[in-house]
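Per full-length UniProt numbering, the sequence shown starts with residue 1, numbered consecutively.
All residues carry an ideal CB built from backbone N, CA and C; glycine is no exception.
All values reported here derive from a predicted model rather than from experimental measurement.
A short write-up of the structure that comes next.
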Amino acid sequence: MNKWNFAHRTLSLTWVLVGFLTFVISLAGYVYYTYQSSKAVIMDDIDNKLRIAAHSANLFVGPAYHDSLTDLSTQEFKARSEQLTKLAQSVGVEYIYAMIYDSPHVRFTASSYTIEDVAKGHLTQFKDIYEEATTSNKGAFRSTTEVFEISTDKWGHFKTIFVPHITPNGQIYLTGADITISHIESQLQDNVTQAVLSASFFFCIALLVAGTYILVYRRTLTTDARTGFANRLALEQDLANAKRAHLSLAIISICELEEIISFYGAGVGDKVIQNVMRYFQNLTTPFKVYRLATSKLVLLCDTPNGEHYLNNLISEFPFSRPILNEPLLYIQLKAGIARGNKGLLLENAFIACRQAQQLHQTTYIYGQQTQKTKLLQESNLAIAKTVQSAFDQHRIIPYFTPRASIKEQKVVQYHCAPRVLTEQGVILKSQAFGEVIKHSRLNSQLTKQMLELCVAQFRKTNVAWSLALTPQDLRDPQMMECITQAINRYPQPNLITFELDEQALISQFNDMTAIISILRAKGVNILVNSRNSGLLTISRVLKMSINAVKLDEKLIEQLADNPQVKGLIKHIGEQCKNSQIALIVSGIKCKAQLEQLADTHITLFEGDYIGAAAPHIKESSTRTMLNETPQAL
């Protein structure tokens with residue numbers, strides 16, 4: 001009997017230890033989650049304040065201010081510092097300032113100050129050196145995006161933002177803001193203490209009513225903490241337990257929710273999605289509404305023709321009424337609807353939701369057309385693997401398209417474009433992998449390889465050549481550094497032409513103008529590929545410091561059928577001639593097309609008539625068709 005009691009007590013003690021260990025582990029996890037989520041919310045709020053402060057500062061010390069630093073008066077500096085001080089007080093940050101990089105020093109061009117700074121006489125003066133400048137601070141001058149850092153200096157412990165800007169005259173400067181974060185740890189400690197007390201309370205309740213605790217715990221796993229609605233886990237469980245094999249499901253995306261959260265905070269975002277989910281919950285009972293992700297929710301039903309029921313339900317959402325009154329907010333929804341085997345519902349609905357977003361439709365029902373999209377996605381994935389393998393195994397090869405002078409009828413330049421050689425020996429043109437390169441963010445990697453291949457091909461020759469650059473290349477400081485080094489080492493940079501897309505130049509006119517000036521100063525030529533050939537767009541492009549404009553081959557295709565096309569080309573040619581800019585046409589397939597362009601001031605042409613793109617340049621052909629000193633643009 002004593003042995004049985006001992007065994008029973010041992011077993012009880014074991015369960016007590018297991019329960020206590022479970023509590024400790026759960027408490028640690030809960031405290032960690034509370035700490036991290038609280039810290040994330042606090043830091044997001046701090047980041048938002050810093051962004052507002054730094055970007056607002058540019059309104060007071062913007063391009064005009066920094067282009068006139070050499071003539072800046074003391075009164076002007078003090079006035080701007082006072083403005084920044086008032087801005088810092090209103091936004092709720094410690095300091096707001098502007099900086100320039102005067103190698104090797106970072107200098108202040110304007111700065112706010114605090115009451116304590118005034119009392120101690122620690123006011124920042126014009127072009128004071130910032131002795132505590134960090135690597136991140138200096139690196140921000142070469143960045144194209146905002147830079148955050150946490151640092152400690154003689155002014156305190158701060159989180160900082162640096163936002164780079166460039167003036168029309170090429171002056172690079174930063175606007176920045178600091179906010180004190182020394183109080184965060186104590187605030188987080190309070191949250192952790194509350195979390196410990198809360199966890200202890202629930203543990204005590206669990207000891208008294210174990211069954212109730214289990215039910216509450218299970219419900220927590222299947223409930224979205226921020227809205228109180230069922231979450232993705234609950235959806236997956238309900239799909240797995242559904243008695244019917246064929247169901248209807250809609251994924252609804254709130255288009256503006258992420259922007260609302262970024263601008264107003266997570267609390268306002270939670271209210272928005274809660275109101276949307278309540279609206280649908282009132283109409284879909286007894287079916288549930290699930291929160292799938294930050295801005296996505298799910299409706300599920302098992303009625304016949306459920307996809308049409310869900311389509312009508314979502315289409316009738318009152319978009320004209322505000323979803324919130326304080327602040328006043330309106331939203332738009334995009335939804336993908338799928339019906340069929342429950343094992344494929346989520347995947348198919350995701351594809352349909354993506355289609356709705358791409359086609360700018362409120363709803364899109366998964367069907368045969370969507371299946372084609374799915375096949376296209378699988379094809380894109382296969383091409384992406386092929387392209388990555390080509391990068392790894394050096395199977396990116398250049399093809400050279402000859403360009404001839406219309407005056408001399410001789411090849412004077414080669415345009416270089418990438419091809420991908422597959423493992424099976426198939427050559428893929430850029431049309432086959434261009435979108436994959438774009439969506440995989442491999443533009444800079446491709447440009448770098450092509451630049452290296454072209455330099456190796458032409459470095460020891462007198463051949464003029466061109467290579468296309470993307471907007472991503474020009475915005476990437478590392479890529480620009482690579483391009484600059486290649487130009488500096490090239491014996492005859494005047495034989496290099498970089499081709500830029502017209503739309504990228506127009507959409508980012510000021511930034512691109514500055515970058516073009518930098519490249520032109522290195523001695524290379526700039527060509528702009530015109531996509532729409534609109535006279536207004538061409539006129540604006542010609543104001544840039546460029547060497548050539550190339551017209552799209554689609555324009556040449558219309559030459560025989562549309563007499564107005566020749567007049568358009570001639571007018572563009574006259575503008576280019578007046579601006580001393582070369583005009584290039586592509587897609588010349590026969591002599592007749594070339595003769596039609598005889599009096600249109602065309603400088604160079606390319607197309608099948610002169611030669612198609614090829615992986616090699618024949619030396620004999622080059623000698624007979626090129627002048628002794630090939631002309632650059």
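Among the bridge pairs identified by DSSP, Lys-334 is matched with Ser-253. Of the candidates Asn-341, Tyr-279 and Arg-321, the residue whose Cα lies closest to the Cα of Leu-313 is Tyr-279. Pairing Ala-598 with Tyr-414, the inter-Cα distance amounts to about 22 Å. A distance below 7 Å between beta-carbons, with the five flanking residues on each side excluded, links Asp-178 to the following residues of its chain, in chain order: Val-93, Glu-94, Tyr-95, Phe-158 and Thr-160. Gly-139 sits in a helix when the DSSP states are folded into three classes. Shortest Cα-Cα distance from Asn-169 to any of Thr-223, Cys-204, Ser-68 and Lys-78 involves Ser-68. Short of 8 Å from the beta carbon of Val-31, and not among the five residues preceding or following it, lie these beta carbons of its own chain, in chain order: Val-192, Ala-195, Val-196 and Ala-199.
Per DSSP, reduced to three states, the secondary structure at Glu-259 is helical. It is roughly 11 Å from the alpha-carbon of Gln-593 to the alpha-carbon of Asp-608.
Counting along the chain, His-394 sits inside no beta strand (DSSP E), nor does DSSP assign it H or E at all.
Ranked by Cα distance from Gly-267, the options Ala-612, Thr-223, Leu-559 and Val-41 are led by Val-41. Between Ile-331 and Ile-323, the beta carbon gap of about 5 Å places them in contact (Cβ cut-off 8 Å). Boundaries of the beta strand (DSSP E) around Pro-418: 410-421.
In terms of CA proximity to Ser-136, Val-163 leads the group Glu-258, Ile-252 and Val-163.
Rounded to the nearest angstrom, the Cβ distance from Glu-557 to Ser-586 is 10 Å, too far for a contact under 8 Å. Annotated three-state conformation of Arg-441 is coil, per DSSP.
Put simply, of Tyr-101, Ser-379, Arg-321 and Cys-353 the residue whose alpha carbon is nearest the alpha carbon of Leu-174 is Tyr-101.
For Glu-131, there is no enclosing alpha helix (DSSP H), as DSSP marks it with neither H nor E. Residues Ala-53, Ser-56, Ala-57, Phe-60, Ile-96 and Ser-112 of the same chain have their beta carbon placed closer than 8 Å to that of Leu-87, with the five preceding and five following residues left out of the count. For the set Leu-551, Val-91 and Phe-141, the Cα lying nearest the Cα of His-105 is the one of Phe-141. Less than 8 Å separates the beta-carbon of His-66 from that of Thr-167. Runs of beta strand (DSSP E) with 3 or more residues, each lying fully within the region 450-528, are found at 465-468 and 496-501, listed in chain order. For Met-99, the enclosing beta strand (DSSP E) covers residues 95-102.
Ile-584 and Thr-603 do touch by the CB rule: their CB atoms are close to 6 Å apart, below 8 Å. In the DSSP assignment, Cys-301 falls outside any alpha helix (DSSP H) and lies within the beta strand (DSSP E) extending over 296-301. Looking at the backbone, the Cα of Leu-27 and that of Ala-356 are separated by about 43 Å. Taking the C-beta atoms as reference points, Leu-467 is found nearer than 8 Å to Cys-454. In this structure, the CA atom of Asn-547 is about 54 Å from the CA atom of Asn-311. Look at Pro-164 here: in three-state DSSP terms it is strand. Straight-line measurement puts the Cα of Arg-321 at about 27 Å from the Cα of Ala-349.
Note on geometry: alpha-carbon atoms of Lys-334 and Gln-281 lie some 18 Å from one another.
Assigned with DSSP and collapsed to three states, Ser-73 falls in coil, not helix or strand.
Counting the other CB atoms within 10 Å of its CB gives Leu-344 a total below 16, which places it among the exposed residues. For Arg-459 against Tyr-490, the beta-carbon gap comes to about 7 Å, under 8 Å, which counts as contact.
In this structure the region 251-260 lies against the region 286-299, because at least three pairs of beta carbons, one per stretch, are closer than 8 Å. Counting the other CB atoms within 10 Å of its CB gives Thr-386 a total of 16 or more, which places it among the buried residues.
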